[in-house]
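Under our numbering, the first residue of the sequence shown carries the number 28, and numbering increases by one thereafter.
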Amino acid sequence: MIQRFSMRVFRNIIGNIMASPIVISGILLFLLLVPGCLQLPPDDVQAAGNSLFVWNKVSSVPEMYRELVRHDQHYGVDFRTERLDKEVVNADIIDVVISDMDVLVRSLDSSGISAEELALKVQKDFATPQENEEDKILLLAHARKAMLESEKHWQQGYKYGDKGLVRDGFFCSEKEYITESLDHFYQAGHLGSRAQYYMDILLSSSPEENRLLLGIGSGKIKWYYSPIPDVLRNVIYERGLLEKHCSGENSSDVRVEVYDNSEESQGARKASAPVS
Numbered sequence: 028m029i030q031r032f033s034m035r036v037f038r039n040i041i042g043n044i045m046a047s048p049i050v051i052s053g054i055l056l057f058l059l060l061v062p063g064c065l066q067l068p069p070d071d072v073q074a075a076g077n078s079l080f081v082w083n084k085v086s087s088v089p090e091m092y093r094e095l096v097r098h099d100q101h102y103g104v105d106f107r108t109e110r111l112d113k114e115v116v117n118a119d120i121i122d123v124v125i126s127d128m129d130v131l132v133r134s135l136d137s138s139g140i141s142a143e144e145l146a147l148k149v150q151k152d153f154a155t156p157q158e159n160e161e162d163k164i165l166l167l168a169h170a171r172k173a174m175l176e177s178e179k180h181w182q183q184g185y186k187y188g189d190k191g192l193v194r195d196g197f198f199c200s201e202k203e204y205i206t207e208s209l210d211h212f213y214q215a216g217h218l219g220s221r222a223q224y225y226m227d228i229l230l231s232s233s234p235e236e237n238r239l240l241l242g243i244g245s246g247k248i249k250w251y252y253s254p255i256p257d258v259l260r261n262v263i264y265e266r267g268l269l270e271k272h273c274s275g276e277n278s279s280d281v282r283v284e285v286y287d288n289s290e291e292s293q294g295a296r297k298a299s300a301p302v303s
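Shown next, in the form of structure tokens:
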């Protein structure tokens with residue numbers, strides 16, 4: 028009798044504990060954290076990672092602008108002050124920030140239209156601005172996403188340090204690293220110019236209040252001061268150096284000295300003999 032009573036009390040206690048939302052949450056968290064206990068499919072894992080920031084529904088460009096500001100504040104960054112050569116989102120968080128933007132773009136875009144096609148559509152529909160507000164909202168999201176992707180490539184261009192950079196000279200044995208770095212710098216410049224292009228379209232096809240919000244004249248976002256033309260010219264120049272001096276079969280030990288990183292100058296010369 029006492030044993031049956033004890034078991035009944037024990038079962039009641041366990042039942043009450045298991046009914047607690049806190050306990051259930053703790054058990055689920057334990058299952059998620061311990062390898063092999065509970066594994067989410069890759070898509071669900073990504074969705075869980077993106078759930079740190081929840082986007083509010085917007086119906087106008089000003090509302091989208093304020094959402095982007097709120098998103099930046101969540102991570103302690105500011106798209107209004109970022110520029111390639113001065114201020115970029117830290118590499119430790121940029122993938123998460125870009126993932127948030129992917130979620131936003133997918134939530135706004137039901138047609139699958141590309142950013143380039145969307146930009147042309149916004150320009151074409153300028154005569155009826157009230158009819159394409161949703162397109163402008165999506166284009167602003169694309170502009171921010173392109174900025175972030177540009178910043179990511181910019182940082183990846185430096186990941187190999189000196190052996191991935193031309194600077195005042197390099198060894199042809201470093202060609203592989205320099206080539207990859209230049210690919211990243213090219214993407215940084217290309218995506219950065221796309222971000223400017225999308226913003227230009229928004230500024231030229233928006234009411235006065237939107238232009239004041241997005242920034243005109245001295246109030247433009249700092250991204251416009253990124254040295255994007257210089258970045259792209261430099262990529263062309265340095266790719267030319269690699270092609271000219273490091274294409275031979277026995278060129279791996281050659282040292283290339285760079286005197287003046289400009290197209291107008293002689294630019295570089297091949298060492299008279301391989302460096303031992």
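Using N, Cα and C, we set each Cβ at its ideal position, and we do this for glycine too.
1. Does DSSP classify V307 as helix, strand or coil?
2. Mind pulling the alpha helix (DSSP H) runs of 4 or more residues that sit fully within the region 124-196?
3. Measuring CA to CA, which of C199, T206 and L95 is closest to Q183?
4. Return the first residue and the last residue of the beta strand (DSSP E) that V285 is part of.
5. Buried or exposed: Y308, going by 16 or more other Cβ atoms within 10 Å of its Cβ?
6. State buried or exposed for E284, treating a residue as buried only when at least 16 other CB atoms are found within 10 Å of its CB.
7. With 7 Å as the threshold, decide whether the Cβ of P254 is near any Cβ in chain D.
8. Would you say M128 and K172 are within 7 Å of each other, going by their C-beta atoms?
9. Mapping the DSSP letters down to three states, classify R110 as helix, strand or coil.
10. Would you tell me roughly how many angstroms separate the C-alpha atoms of N83 and S137, rounded to the nearest one?
11. Can you tell which of G219, Q214, R97 and L167 has its C-alpha closest to the C-alpha of G242?
12. According to the neighbour-count rule (16 or more other Cβ atoms, all chains shown, within 10 Å of its Cβ), is G267 buried or exposed?
13. Rounded to whole angstroms, what is the Cα-Cα separation between D119 and L240?
14. Roughly how many angstroms separate the alpha carbons of S134 and V124, rounded to a whole number?
15. Where do the ends of the alpha helix (DSSP H) carrying E207 lie?
16. Evaluate D95 with the Cβ neighbour count: other Cβ atoms within 10 Å of its Cβ, from every protein chain shown; 16 or more gives buried, anything less gives exposed.
17. Three Cβ pairs or more, each shorter than 8 Å: is that satisfied between the region 176-191 and the region 202-217?
18. Cutting at 7 Å between CB atoms, please list the residues of its own chain near D99, excluding the five before and the five after it.
19. Give every residue of the same chain whose Cβ lies closer than 7 Å to the Cβ of L175, excluding the five residues on either side of it in the sequence, and list them in chain order.
20. Residues bridged to F80 by DSSP?
21. Output the boundary residues of the alpha helix (DSSP H) element that contains V104.
22. Compute the Euclidean distance between the alpha carbons of L145 and R110, then round it to the nearest angstrom.
23. How many Å lie between Y252 and A215 at the Cα?
24. Cα-Cα, which of C199, H180 and R221 is closest to H281?
25. Among K247, H272 and F212, which residue has its Cα nearest to the Cα of V262?
For this structure:
1. Outside the shown range of the chain, which is 28 to 303, sits residue 307, and nothing can be said about it.
2. Runs of the alpha helix (DSSP H) inside the region 124-196: 142-151 and 160-183.
3. T206
4. R282 to V285
5. This structure does not reach residue 308, given that the chain is present from 28 up to 303, and the question cannot be answered.
6. Exposed: under 16 other Cβ atoms inside 10 Å.
7. In the structure shown, chain D does not exist; there is a single protein chain.
8. yes
9. strand
10. 17 Å
11. L167
12. exposed
13. 30 Å
14. 16 Å
15. K202 to S231
16. The sequence as given places Leu at residue 95; Asp does not occur at that position. Buried, because 16 or more other Cβ atoms sit within 10 Å of the Cβ of L95.
17. yes
18. D105 and F106
19. V116, I121, V124, I125 and M128
20. DSSP lists no partner for F80.
21. Per DSSP, V104 belongs to no alpha helix (DSSP H) and is neither H nor E.
22. 24 Å
23. Cα to Cα, the separation comes out at about 14 Å.
24. Inspection of the sequence shows that residue 281 is occupied by Val rather than by His. That would be C199, whose Cα lies nearest to the Cα of V281.
25. Distance check between V262 and each of K247, H272 and F212 places F212 closest, using alpha-carbon atoms only.
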